[in-house]
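Novice: Residue numbers (this note's numbering): 50 to 198.
Input: one structure, supplied below.
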């Protein structure tokens with residue numbers, strides 16, 4: 050169960066005792082905001098000559114205006130957030146897809162490296178065999194030359 054907090058606030062020169070589940074600092078901040086709104090209206094020419102009922106309505110309209118502007122802003126931010134989340138999801142999906150492709154290409158590269166290594170071994174073996182054959186041909190040619198003399 051929430052405990053009610055009580056605090057005294059000054060609004061438009063009058064002291065009010067407010068109570069609520071919110072902290073005292075929050076209630077003071079609300080009172081300060083309301084005081085600023087009232088102060089701005091009072092600085093407008095002709096406002097203080099209006100009836101107190103009309104002044105109250107003007108204050109309420111200004112607060113409602115702030116509320117609806119902030120609600121529009123919150124809605125816009127919610128839309129932007131949803132769009133960014135959608136973009137983030139798409140980017141994550143693309144990242145996973147790219148990582149899988151990278152892993153596939155790395156496996157293929159490793160296979161090609163193994164094939165290349167095997168081909169180099171075969172090449173070296175063939176070079177060695179060719180050198181042996183050339184040496185045998187040279188030896189055979191030298192023996193044939195010796196036999197001809």
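Note that CB positions come from ideal geometry on N, CA and C, so glycine has one too.
Because the structure is a prediction, the values reported are computed rather than measured.
Compare the C-alpha of residue 111 against each of 84, 125 and 136 and name the closest.
Specialist: When only C-alpha atoms are compared, the closest one is 84.
Novice: Quick check: what's the CA-CA separation for residue 160 versus residue 135?
Specialist: Looking at the two C-alpha atoms, the distance is approximately 38 Å.
Novice: Contact criterion: CB-CB distance below 8 Å. Does residue 173 meet it with respect to chain B?
Specialist: The structure shown contains no chain B, having only a single protein chain.
Novice: Taking 8 Å as the cut-off, does the stretch 54 to 61 touch the stretch 73 to 83 (at least 3 CB pairs, one atom from each stretch)?
Specialist: Yes, the stretch 73 to 83 touches the stretch 54 to 61.
Novice: For residue 203, does the three-state DSSP call read helix, strand or coil?
Specialist: In the structure displayed, the chain extends from 50 to 198; residue 203 sits before or after that span and is not available.
Novice: With residue 90 as the anchor, note down where its alpha helix (DSSP H) starts and where it stops.
Specialist: Unbroken alpha helix (DSSP H) run through residue 90: 73 to 92.
Novice: Rounded C-beta distance between residue 86 and residue 71? I'm assuming under 8 Å.
Specialist: That belief does not hold up - the Cβ atoms of residue 86 and residue 71 are roughly 19 Å apart, past 8 Å.
Novice: Using DSSP with H/G/I as helix, E/B as strand and the rest coil, what is residue 125?
Specialist: Three-state DSSP puts residue 125 in a helix.
Novice: Is DSSP giving residue 99 helix, strand or coil here?
Specialist: Coil at residue 99, not helix or strand.
Novice: With 16 other CB atoms within 10 Å as the buried threshold, where does residue 76 fall?
Specialist: That one is buried.
Novice: Let's see if you can read the secondary structure: which residues bound the beta strand (DSSP E) around residue 62?
Specialist: Here residue 62 belongs to no beta strand (DSSP E), and DSSP marks it neither H nor E.
Novice: Roughly how many angstroms separate the alpha carbons of residue 95 and residue 103, rounded to a whole number?
Specialist: Those two C-alpha atoms are separated by around 12 Å.
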